[in-house]
Ligand SMILES: *Cc1c(COP(=O)(O)O)cnc(C)c1O
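Numbering (this note's numbering), first residue to last: 487 to 884.
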């Protein structure tokens, strides 16, 4: 009898289970609010990307409901044919204003932005230079490109300079060079030295593309992102990419920059051209999120005051919190087993924060990754600090 051609599906899955590398899905019943129901248990959410609590903001919810009433639940098409509604256009206009860019283009997701745009910005005869710890969606975008590829050591501008100089020496004929980096790296919460990266790129006539998924709504003036944080201009960083799925609390991706960039991007990116556009409630909720960020400064301020308080408490307790400069605070404990035990203890105490273990981080750098949320009250932050302290002591980690 012929062998079952789908046999590998089960064996490869079972391999992952054996190594404890499979994903166990946690289920939220109800909204992603600070106190939420995870697998039936009431816990304090400490690992969502919903930095500002906007996913449950009344203005976003009302905007989505109203848009269903006025525009329906689907757009009916891809953007270039019949799927561009006034809501999409207004969202792009308002986002560009918020980002202080000439223009913005909204994609379905951040992933599809990177996967669709990167291979167009650099192709045959070009070079892409990428930080070694860039996000998987950048890696896939780079793989889809026919450009030559080079990687520089994480956050290391000297190494970037070296790669750029070598590129000039060995192949003076690259048409274009594109330097790509995450703005904030999500495993450690560290920031790319974007000012120095931009300077290095400029010295070699290269473009800079920053993926600010974890910086928008968090860094810079009123949450305008890492370009604002470093006081850089469009002349320094030509391509600013972001997502609506994190601090903006909804879903979607975007690229912001010059009008030329946006005209180029929407005429060429296949993920934008060939995939259905956002349903009206999504576009309307994203639009409301931009509006909330412009009008209600308190969310970003509270995010940072909670972050400072939590980081100080964790290092006072004696945890290794790495070198984070953002509301992502890793609690580094070493072995995978310890991180899993800590996560379990925290859950028992009512705090939901997942372990991040090899292969996502080095074998001896397993951690609990916490992400602060502006929607937490002072009491909630106090509660979380107490839970970490008790769990850390019980497991002899501090
Ligand atoms: C989350 C994330 C993305 C993907 O964004 P989505 O809009 O959720 O698809 C891309 N890049 C980075 C750095 C991210 O953290």
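The beta-carbon is built from N, C-alpha and C at its ideal position, and this holds for glycine as well.
Keep in mind that this is a model prediction, so the values were computed, not measured.
Counting C-beta neighbours from all protein chains within 10 Å, is the total for residue i 16 or more, i.e. buried, or is it exposed?
| i | result |
| --- | --- |
| residue 505 | exposed |
| residue 571 | buried |
| residue 509 | exposed |
| residue 830 | exposed |
| residue 535 | buried |
| residue 503 | exposed |
| residue 740 | buried |
| residue 656 | exposed |
| residue 753 | exposed |
| residue 495 | exposed |
| residue 882 | exposed |
| residue 688 | exposed |
| residue 511 | exposed |
| residue 766 | buried |
| residue 695 | buried |
| residue 856 | buried |
| residue 849 | exposed |
| residue 666 | buried |
| residue 879 | exposed |
| residue 540 | buried |
Leaving out five residues on either side along the sequence, give the residues of the same chain with a beta carbon under 7 Å from the beta carbon of residue i.
| i | result |
| --- | --- |
| residue 671 | 619 |
| residue 605 | 627, 630, 631 |
| residue 690 | 650, 654, 663 |
| residue 871 | 796, 799 |
| residue 514 | 522, 523, 524 |
| residue 623 | 596, 597, 600, 601 |
| residue 877 | 828, 831, 832, 835 |
| residue 867 | 792, 795, 796 |
| residue 684 | 694, 718, 722, 723 |
Any beta carbon of chain C sitting closer than 9 Å to that of residue i?
| i | result |
| --- | --- |
| residue 748 | The chain inventory of the structure shown lacks chain C, comprising one protein chain alone. |
Leaving out five residues before and five after residue i in sequence, what residues of the same chain have Cβ atoms less than 8 Å from its Cβ?
| i | result |
| --- | --- |
| residue 801 | 807 |
| residue 464 | In the structure as shown, the chain begins at 487 and stops at 884. Residue 464 is therefore absent and cannot be evaluated. |
Taking 6 Å as the limit between beta carbons, can you name the residues of its chain near residue i, skipping five residues before and five after?
| i | result |
| --- | --- |
| residue 517 | 542 |
| residue 847 | 673 |
| residue 573 | 766, 769, 770 |
| residue 826 | 841 |
| residue 714 | 706, 707 |
| residue 550 | 767, 770, 771 |
For the stretch 634-654 against the stretch 724-735, do three or more pairs of beta-carbon atoms, one drawn from each stretch, fall closer than 8 Å, so that the two count as touching? No, they do not touch.
Tell me whether the stretch 765-775 and the stretch 605-623 touch, counting them as touching only if at least three CB pairs, one residue from each stretch, are closer than 8 Å. no
Which whole runs of the alpha helix (DSSP H) in the stretch 801-875 are 4 residues long or more, in chain order? 822-835
Does the stretch 675-685 come into contact with the stretch 808-821, if we say contact requires no fewer than three beta-carbon pairs (one atom in each stretch) closer than 8 Å? In short, these stretches touch, since the Cβ pair count reaches three.
Between the stretch 694-704 and the stretch 657-672, can you find at least three pairs of beta-carbon atoms closer than 8 Å? yes
Do the stretch 583-599 and the stretch 754-763 meet, that is, are 3 or more Cβ pairs less than 8 Å apart? yes
Stretch pair the stretch 551-561 + the stretch 717-729: three plus CB contacts closer than 8 Å: No, the stretch 551-561 does not touch the stretch 717-729.
Is there contact here, the stretch 702-716 with the stretch 774-782, by at least three beta-carbon pairs under 8 Å? yes
So, do the stretch 571-589 and the stretch 784-802 have three or more beta carbon pairs nearer to each other than 8 Å? no
Unbroken stretches of the alpha helix (DSSP H), 4 residues or longer, contained in the stretch 717-746: With a minimum length of 4 residues, no continuous alpha helix (DSSP H) run stays inside the stretch 717-746.
Quick one: complete beta strand (DSSP E) runs, 3+ long, within the stretch 569-626? Within the stretch 569-626, the complete beta strand (DSSP E) segments at least 3 residues long are 589-593, 613-617, listed from N- to C-terminus.
If you scan the stretch 617-678 from start to end, which runs of the beta strand (DSSP E) of 3 or more residues do you find wholly inside it? 634-638, 663-668
Give the list of continuous alpha helix (DSSP H) stretches no shorter than 4 residues that lie fully inside the stretch 758-788. 766-781
Restricting to runs no shorter than 4 residues, where is the alpha helix (DSSP H) found entirely within the stretch 499-577? 544-557
Within the stretch 673-714, note down every full alpha helix (DSSP H) run reaching 4 residues or more, in order along the chain. 680-689
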